[in-house]
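K.L.:
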Amino acid sequence: MSIALISDPSCELHDAGYEHPESPERVKVIQQALKDFPFTTHKEFYTAPLATIEDVKRAHDHRFVDWLISIAPKTGVIMVDADTRMNSHTLSAAMHAAGAVILAVDLVLKNEVQAAFCNVRPPGHHAEYDKAMGFCFFNNIAIGALYALEVYHLQRIAIIDFDVHHGNGTQNIFQRDKRVMYCSSFQHPFYPGYDEELDNSHILGVPLKAGTDGAQFREAVEKKWFAKLLEFKPDLIFFSAGFDAHEQDPLADLRLTKDDYVWLTSKIADIAKICCQGKMISVLEGGYNLTVLADCVPAHVQAMIINE
Ligand SMILES: [Zn+2]
């Protein structure tokens with residue numbers, strides 16, 4: 504079976520301003536790297552559709568969605584918070600980013616592809632039920648997960664978030680929704696903060712100290728996640744794929760390498776093979792070193808491919 508690689512030209516037009524680390528170059532270099540990489544299965548490139556307002560409102564407060572649409576500027580740049588800014592293309596990019604995940608769910612659940620990667624921005628995992636923050640407007644992965652649960656009537660979904668920042672938005676949306684097991688590893692204490700008290704049977708945070716290396720990371724996530732995931736038996740697995748825990752990322756202080764991303768992805772692919780015929784959808788979150796992105800993203804996507 505093939506893999507789907509989904510992006511949209513609008514994702515290169517959203518621009519938060521001069522020298523913002525969450526830059527249009529990120530999706531450009533990834534797109535080129537995906538084109539060049541010799542995957543061991545057929546790769547199919549797709550352009551993302553727009554998500555519908557209904558899709559977005561499954562994950563977000565309807566007043567918040569209407570408000571964000573109403574403030575989107577026709578020209579110039581406006582600030583939603585200090586580091587979350589909209590230009591005239593941001594709303595379109597955000598709706599296509601969410602739409603990419605909707606398309607990925609359709610392709611994977613209709614068995615047209617085994618797995619999918621969404622090369623999109625703005626990212627999503629900091630966007631809460633009623634709040635845009637941390638470079639994020641709509642929570643792409645939550646929108647995709649709720650679409651799969653409610654339109655395809657899946658019972659259980661797992662989200663593996665290996666971005667170096669805590670996915671507060673995804674946790675906020677699924678805090679009381681036991682259909683979703685949310686597994687997040689992140690540097691602690693780090694943006695935007697994490698409350699261990701809020702962890703429960705389906706919210707499995709792995710806080711890591713600055714300087715944590717690959718061996719320590721592997722031990723921590725294996726211990727906290729793998730048995731629980733096998734027991735949970737997800738019908739579909741998502742990755743919130745941020746590459747800012749890499750040792751060369753400028754925004755954080757963990758010491759992961761490409762091998763660690765490949766290791767985690769392969770371990771999760773093994774679980775996906777047992778639980779859900781290898782159905783996986785990965786969505787870009789952070790990662791701010793362009794060379795690291797070009798190197799690690801194709802390796803992560805390759806590791807999702809299940810060769811029978
Ligand atoms: Zn991040």
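The numbers in the sequence shown follow the working numbering, run straight up by one, and end at 811. Backbone N, C-alpha and C define an ideal beta-carbon position, used for all residues, glycine too.
1) Let me see if you follow: with CB-CB separation under 8 Å, is residue 707 close to chain D or not?
2) DSSP three-state label for residue 573, please.
3) Does the separation of the CB atoms of residue 455 and residue 524 fall below 8 Å?
4) Using DSSP's beta-bridge definition, name the partner residues of residue 639.
5) With H, G and I counted as helix, E and B as strand and the rest as coil, what does DSSP make of residue 809?
6) Which class does residue 548 belong to by DSSP, given the choice of helix, strand or coil?
7) For residue 767, which residues from the same chain have a beta carbon less than 7 Å from its beta carbon, with the 5 sequence-adjacent residues on both sides left out?
8) Mind checking residue 617: buried by the 16 CB within 10 Å criterion, or exposed?
9) Measuring CB to CB, does residue 755 end up less than 8 Å from residue 690?
10) Would you mind sorting residue 548 into buried or exposed? The rule is 16 or more other CB atoms within 10 Å of its CB.
11) With the cut-off set at 8 Å, would you say residue 629 and residue 692 are in Cβ contact?
12) In terms of residue numbering, what span does the beta strand (DSSP E) encompassing residue 709 cover?
13) Report all residues from its chain with a CB closer than 6 Å to the CB of residue 620; omit the five preceding and five following residues, and keep chain order.
14) Give me the Cα-Cα distance between residue 849 and residue 613, rounded to the nearest whole angstrom.
15) Mind checking residue 728: buried by the 16 CB within 10 Å criterion, or exposed?
16) Per DSSP, which one or two residues make a beta bridge with residue 521?
17) Rounding to the nearest angstrom, what Cα-Cα distance links residue 764 and residue 802 in this structure?
P.N.:
Considering the structure as presented:
1) This model lacks chain D altogether; it includes just one protein chain.
2) helix
3) With the chain running from 504 to 811 in the structure shown, residue 455 is simply not present.
4) 636
5) coil
6) strand
7) 665 and 724
8) buried
9) yes
10) exposed
11) no
12) 706-711
13) 508, 785 and 804
14) Any answer about residue 849 is impossible in this case: the structure gives the chain only from 504 up to 811.
15) buried
16) Bridge partners of residue 521: none, in fact.
17) 8 Å
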